[in-house]
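> Position one of the first sequence corresponds to residue 14 (our numbering), numbered consecutively onward. All C-beta atoms in this analysis are idealised placements derived from N, C-alpha and C, irrespective of residue type, glycine included. No experiment lies behind these values; they were computed from the predicted model shown.
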Amino acid sequence: MEGQIIGKGTWIDKLAFELLEREKTLGRSLDLLRVESGLGASGVPHIGSLGDAIRAYGVKLALENFGYKSELIAYSDDLDGLRKIPEGFPDSLQEHLAKPVSLIPDPFGCHESYGMHMSSILLDGLDKTGIAYEFRRAIDTYKKGLLKEQIHIILKNSIKIGGKISELVGQEKYQKFLPYFPVCANCSRLYTAESFEYLESERKVRYKCHDAEIGSKIIKGCGHEGEADITKDLGKLAWKVEFAARWAAFDIRFEAYGKDIMDSVKVNDWISDEILNYPHPHHVKYEMFLDKGGKKISKSLGNVVTAQKWLEFGDPKSILLLLYKRITGARELGFEDIPSLMNEYNELEDVFFGRIKVDNQAKLIKSKGLYEYVNLLDPPKETSTHVNYRLLVELAKIFKENRIERVMKKLLDYGVIKNPEPRIEKLIELAGNFADQFDQQEKTEIDLNDSSKKALKTLSETLGAEEEPEDIQNTIYQIAKSNNIQPKEFFKILYQIILGTSRGPKIGPFISDIGRKQVAKNLLEYI
RNA sequence: GGGUCUAUGGCGCAGCCAGGUAGCGCACCGGACUUUUAAUCCGGUUGUCGUGGGUCCGAAUCCCACUAGACCCGCCA
14 MEGQIIGKGT
24 WIDKLAFELL
34 EREKTLGRSL
44 DLLRVESGLG
54 ASGVPHIGSL
64 GDAIRAYGVK
74 LALENFGYKS
84 ELIAYSDDLD
94 GLRKIPEGFP
104 DSLQEHLAKP
114 VSLIPDPFGC
124 HESYGMHMSS
134 ILLDGLDKTG
144 IAYEFRRAID
154 TYKKGLLKEQ
164 IHIILKNSIK
174 IGGKISELVG
184 QEKYQKFLPY
194 FPVCANCSRL
204 YTAESFEYLE
214 SERKVRYKCH
224 DAEIGSKIIK
234 GCGHEGEADI
244 TKDLGKLAWK
254 VEFAARWAAF
264 DIRFEAYGKD
274 IMDSVKVNDW
284 ISDEILNYPH
294 PHHVKYEMFL
304 DKGGKKISKS
314 LGNVVTAQKW
324 LEFGDPKSIL
334 LLLYKRITGA
344 RELGFEDIPS
354 LMNEYNELED
364 VFFGRIKVDN
374 QAKLIKSKGL
384 YEYVNLLDPP
394 KETSTHVNYR
404 LLVELAKIFK
414 ENRIERVMKK
424 LLDYGVIKNP
434 EPRIEKLIEL
444 AGNFADQFDQ
454 QEKTEIDLND
464 SSKKALKTLS
474 ETLGAEEEPE
484 DIQNTIYQIA
494 KSNNIQPKEF
504 FKILYQIILG
514 TSRGPKIGPF
524 ISDIGRKQVA
534 KNLLEYI
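1. Name the DSSP bridge partner or partners of Cys222?
2. When the Cα atoms are used, what is the spatial distance from Ser50 to Gly521?
3. For Lys38, tell me which candidate among Ile25, Ser214 and His295 has the shortest Cα-Cα distance.
4. Roughly how many angstroms lie between the CA atoms of Met301 and Lys410, to the nearest whole one?
5. Quick one, are the C-beta atoms of Pro99 and Gly53 less than 8 Å apart?
6. Where Glu287 and Phe348 are concerned, what is the direct C-alpha to C-alpha distance, given to the nearest angstrom?
7. Once you ignore the five residues that flank Ile492 on each side, which residues in its own chain have a CB closer than 6 Å to its CB?
8. So, is Gln107 buried or exposed, given that buried needs 16 or more other C-beta atoms within 10 angstroms?
9. Please report the residue range of the alpha helix (DSSP H) in which Tyr70 lies.
10. Tell me the DSSP secondary structure of Gln485 in three-state form.
11. Can you tell me whether Glu502 is helix, strand or coil according to DSSP?
12. Report yes or no: do the stretch 266-278 and the stretch 59-74 share at least 3 C-beta pairs separated by less than 8 Å?
13. Among the residues of its own chain, which have a CB less than 8 Å from the CB of Asn487, if the five just before and after it don't count?
14. Following a CB-centred definition, is Gly94 positioned closer than 7 Å to any heavy atom of the ligand SAM?
15. For Gly12, collect the residues of the same chain with a Cβ closer than 6 Å to its Cβ; drop the 5 residues on either side in sequence, then sort them by chain order.
16. Taking 8 Å as the cut-off, decide whether the C-beta atoms of Val114 and Leu95 are in contact.
17. Tell me whether the beta-carbon of Ala448 lies closer than 8 Å to the beta-carbon of Val400.
18. Tell me the DSSP secondary structure of Asp242 in three-state form.
19. DSSP on Tyr211, reduced to helix/strand/coil?
20. Would you check if there are 3 or more beta carbon pairs closer than 8 Å linking the stretch 17-24 to the stretch 229-246?
21. Output yes or no for whether 8 Å exceeds the beta carbon distance between Ala29 and Phe79.
22. Roughly how many whole angstroms lie between the Cα atoms of Leu443 and Arg436?
23. Less than 8 Å separating the beta-carbons of Asp140 and Met129?
24. Rounded to a whole number of angstroms, what is the C-alpha to C-alpha distance between Pro329 and Lys505?
25. DSSP three-state call for Lys312: helix, strand or coil?
26. Can you round the beta-carbon distance between Lys253 and Asn281 to whole angstroms, since I take them to be within the 8 Å contact cut?
27. At which residues does the beta strand (DSSP E) containing Tyr88 begin and terminate?
28. So, is Thr341 buried or exposed, given that buried needs 16 or more other C-beta atoms within 10 angstroms?
29. Which two residues bound the contiguous alpha helix (DSSP H) that contains Ala251?
30. Cβ of Val317 within 8 Å of Cβ of His59?
31. Once you ignore the five residues that flank Asp276 on each side, which residues in its own chain have a CB closer than 7 Å to its CB?
32. Given this structure, state the Cα-to-Cα distance separating Ile25 from Leu334, to the nearest angstrom.
33. Between Arg216 and His293, is the Cβ-Cβ spacing less than 8 Å?
34. Taking only the alpha-carbon atoms, compute the straight-line gap between Phe121 and Gly445 and give it to the nearest angstrom.
35. Measure how close the beta-carbons of Ala258 and Leu160 come, nearest whole angstrom, since I'm counting them as under 8 Å.
36. Does the Cβ of Ile172 have 16 or more other Cβ atoms within 10 Å, making it buried, or fewer, making it exposed?
Take a look at the structure:
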């Protein structure tokens with residue numbers, strides 16, 4: 014049990030600490046420690062993309078907690094070319110393939126470009142989770158020439174770089190071409206224009222626009238040959254070298270990355286250190302989120318885990334908890350994780366306020382720290398009323414009409430809560446959405462013979478009249494018997510009609526909860 | 001070809017990244033309640049932590065090797 018605890022005891026603190034140690038060794042200024050997150054702007058931003066920024070923000074918080082000034086740059090890669098049309102997007106985008114996403118009109122017409130449409134979805138996710146950032150865009154960065162010095166140095170060293178890329182990651186391409194893609198002056202496509210010569214004194218690249226293979230598709234080039242001025246004309250560095258240019262230009266000290274771009278980071282680190290003479294930022298690698306096993310079949314939009322969709326079922330803290338609880342490990346992710354995350358947050362809160370005892374001191378501190386990060390280091394002063402999310406889902410399944418009111422009443426009856434609160438209303442709404450979307454019961458065919466119909470009729474009539482709720486259970490039993498139906502069968506039929514399942518809560522009190530008259534009407538529909 | 005991750009009760013998983021009595025959900029068993037089922041509540045069973053080494057007073061946790069599976073890169077971003 015030795016070794017002192019760093020900061021708040023989480024991996025975030027450890028990471029920030031390592032970063033600081035490294036910066037001190039490098040002897041760089043500690044006045045402002047910038048962290049960066051790259052936001053893809055070509056695909057629909059899912060929770061993994063959001064994770065990159067949220068985690069970087071965690072590091073920023075940790076640095077501030079250590080007493081340093083820090084800032085998160087959210088950089089939208091909106092000069093990237095569109096490589097394929099995302100699911101659910103119109104085919105009209107076909108003609109824009111390979112063009113920079115910020116030059117493609119928004120197919121939904123609500124933003125200035127396709128790229129901004131995508132970025133705004135992500136930024137909205139950040140806003141909703143309470144992440145503060147400074148937004149920068151690739152297109153502005155290049156237009157303003159913020160990277161021009163770095164581009165120049167990189168292109169001057171392109172032969173050395175091409176060789177190194179081949180050595181580090183086995184990609185031969187940049188031994189033949191420059192790691193710079195001009196936007197073709199004729200057809201505005203990006204990847205089709207291959208640059209092959211750098212005219213150093215003029216700061217221009219010579220390029221030719223020809224067919225390029227992107228994914229499994231061939232994109233036709235227009236055959237245009239031209240020169241592009243790297244300080245003025247639109248174009249961008251290849252990803253293998255672009256990060257480095259950005260790090261150096263923006264003075265970035267930390268950037269997390271997913272394992273899919275591991276190779277790019279390896280190359281960029283080298284470029285940064287050796288070519289641009291800017292010690293690369295501190296990194297942490299994270300695993301990608303995977304679909305739940307077997308869930309890949311359906312690529313419908315409903316299966317893409319976006320922050321917006323997540324927030325229909327869980328609160329922002331559940332997203333933060335998901336991303337802050339750990340960084341290592343491959344993870345299969347789906348909306349079905351929301352209930353346990355919602356409950357886990359409550360547990361953490363109990364630990365934080367000392368309502369759950371944790372013996373291990375290190376673990377106690379870590380749990381408390383995690384709670385603080387999930388609250389963006391501004392934890393509530395007092396604990397809130399906890400309601401188990403799964404219980405809410407169960408109740409929401411039963412009460413579909415006037416849901417909030419009725420579930421709230423049940424919670425009061427159960428003694429789970431003392432008073433109705435707006436916060437609980439919100440929870441019921443979330444759990445209700447979850448129940449509606451995911452907890453669909455298997456629909457069973459209801460097989461009714463004449464005697465069951467007769468029994469249902471009798472029951473319906475009885476329920477329609479005034480009756481003591483306590484007797485309903487008994488009445489049902491009697492009706493079944495007098496119609497020569499196994500009570501077991503009759504109860505099953507009732508559950509199928511009322512709930513769409515073959516089982517359920519004790520039916521007498523349940524029927525009075527829903528309302529006898531309502532059930533009576535319901536039953537009639539089956540006769 | 002290169003790389004990363006994963007392996008923990010019957011099933012699904014947490015715990016591992018900062019070593020200190022192996023946990024949760026489902027399932028299962030018992031009890032309470034119920035003139036049936038179920039639900040609910042209370043209690044309980046379930047493990048050589050993939051294999052083999054190593055470090056340590058102490059390893060699910062750290063290190064090395066191996067086995068199996070998943071994923072990523074080798075287009076592009």
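Working from what's here:
1. Position 209 of the first sequence, counted from the start, is the residue given in the question as residue 222. Paired residue(s): Ala206.
2. The count along the first sequence starts at 1 and reaches residue 50 at position 37. The count along the first sequence starts at 1 and reaches residue 521 at position 508. Whole-angstrom Cα-Cα distance: 56 Å.
3. Reading the first sequence from its first residue, position 25 is the one you call residue 38. Per the sequence presented here, residue 38 reads as Thr, with Lys not at that position. Here the closest residue by C-alpha is His295.
4. Start at 1 with the first residue of the first sequence, and residue 301 comes out as number 288. Start at 1 with the first residue of the first sequence, and residue 410 comes out as number 397. Across the structure, Met301 and Lys410 are spaced so that their CA atoms are roughly 33 Å apart.
5. Start at 1 with the first residue of the first sequence, and residue 99 comes out as number 86. Start at 1 with the first residue of the first sequence, and residue 53 comes out as number 40. No; because the gap between Cβ atoms is not below 8 Å, this pair is not in contact.
6. Here residue 287 is taken as the residue at index 274 of the first sequence, counted from 1. Here residue 348 is taken as the residue at index 335 of the first sequence, counted from 1. In a straight line, the C-alpha of Glu287 is about 44 Å away from that of Phe348.
7. In the first sequence, counting from the first residue as 1, residue 492 sits at position 479. So the qualifying residues of the chain are Ala468, Thr471 and Leu472.
8. Looking up residue 107 in the first sequence gives position 94. Gln107 should be labelled exposed.
9. Here residue 70 refers to the residue found at position 57 of the first sequence. Where Tyr70 is concerned, the enclosing alpha helix (DSSP H) stretches over Ile60 to Asn78.
10. In the first sequence, the residue the question calls residue 485 occupies position 472. Here the sequence assigns Ile to residue 485, which means Gln is not the residue at that position. It is helical.
11. The residue you call residue 502 lines up with position 489 of the first sequence. Glu502 falls in the helix class under three-state DSSP.
12. The stretch 59-74 and the stretch 266-278 touch, with three or more beta-carbon pairs separated by less than 8 Å.
13. Residue 487 sits at position 474 when you count from the first residue of the first sequence. If we look at Asn487 and ignore the five residues flanking it on each side, its Cβ neighbours are Gly521.
14. The ligand SAM is not among the ligands present in this structure, which contains no ligands whatsoever.
15. Nothing about residue 12 can be reported from this structure: the residues present for the chain run from 14 to 540 only.
16. In the first sequence, the residue the question calls residue 114 occupies position 101. In the first sequence, the residue the question calls residue 95 occupies position 82. Their beta carbons are under 8 Å apart, which means Val114 touches Leu95 by this criterion.
17. For the purposes of this step, residue 448 is taken as residue 435 along the first sequence, with counting starting at 1. For the purposes of this step, residue 400 is taken as residue 387 along the first sequence, with counting starting at 1. For Ala448 and Val400, no; Cβs fall outside 8 Å.
18. Reading the first sequence from its first residue, position 229 is the one you call residue 242. It is a strand residue.
19. Locating residue 211 in the first sequence gives position 198, where the first residue counts as 1. Reduced to three states, the DSSP call for Tyr211 is strand.
20. Fewer than three beta-carbon pairs drawn from the stretch 17-24 and the stretch 229-246 are found closer than 8 Å, and the two stretches are therefore not classed as touching.
21. Numbered from 1 along the first sequence, position 16 holds the residue referred to as residue 29. Numbered from 1 along the first sequence, position 66 holds the residue referred to as residue 79. Contact: yes.
22. Here residue 443 is taken as the residue at index 430 of the first sequence, counted from 1. Here residue 436 is taken as the residue at index 423 of the first sequence, counted from 1. Between Leu443 and Arg436, the C-alpha separation is close to 11 Å.
23. As a working mapping, residue 140 is identified with position 127 in the first sequence. As a working mapping, residue 129 is identified with position 116 in the first sequence. Their beta carbons are not under 8 Å apart, which means Asp140 does not touch Met129 by this criterion.
24. Working through the first sequence from its first residue, we reach residue 329 at position 316. Working through the first sequence from its first residue, we reach residue 505 at position 492. Approximately 40 Å between the Cα atoms of the pair.
25. For the purposes of this step, residue 312 is taken as the residue at position 299 of the first sequence. Annotation note: pLDDT 42 at Lys312 (below 50); position unreliable, no value reported.
26. Here the question's residue 253 lines up with position 240 in the first sequence. Here the question's residue 281 lines up with position 268 in the first sequence. About 7 Å separates the two Cβ atoms, so the contact holds.
27. In the first sequence, the residue the question calls residue 88 occupies position 75. Its beta strand (DSSP E) spans residues Ser83 to Asp90.
28. By one-based count along the first sequence, residue 341 stands at place 328. By the neighbour-count criterion, in which 16 or more other beta carbons inside 10 Å mark a residue as buried, Thr341 falls on the exposed side.
29. Mapped onto the first sequence, residue 251 falls at position 238. Counting along the chain, Ala251 falls outside any alpha helix (DSSP H), and DSSP gives it neither H nor E.
30. Residue numbering aside, residue 317 sits at position 304 when the first sequence is read from its first letter. Residue numbering aside, residue 59 sits at position 46 when the first sequence is read from its first letter. Closer than 8 Å, so yes.
31. As a working mapping, residue 276 is identified with position 263 in the first sequence. Its chain contains Val182 as the residues whose beta carbon lies nearer than 7 Å to that of Asp276, once the 5 sequence neighbours on both sides are disregarded; these appear in chain order.
32. Reading the first sequence from its first residue, position 12 is the one you call residue 25. Reading the first sequence from its first residue, position 321 is the one you call residue 334. Approximately 13 Å between the Cα atoms of the pair.
33. For the purposes of this step, residue 216 is identified with residue 203 of the first sequence, where counting begins at 1. For the purposes of this step, residue 293 is identified with residue 280 of the first sequence, where counting begins at 1. Judged by their CB atoms, Arg216 and His293 are not nearer to each other than the 8 Å cut-off.
34. The residue labelled residue 121 in the question sits at position 108 within the first sequence. The residue labelled residue 445 in the question sits at position 432 within the first sequence. Near 30 Å, if we compare the C-alpha coordinates of Gly445 and Phe121.
35. Within the first sequence, numbered from 1, the residue matching residue 258 stands at position 245. Within the first sequence, numbered from 1, the residue matching residue 160 stands at position 147. The pair is a contact, with the Cβ atoms about 5 Å apart (cut-off 8 Å).
36. What you label residue 172 is simply residue 159 of the first sequence in a count that begins at 1. Of the other Cβ atoms in all chains shown, fewer than 16 fall within 10 Å of the Cβ of Ile172; this residue is therefore exposed.
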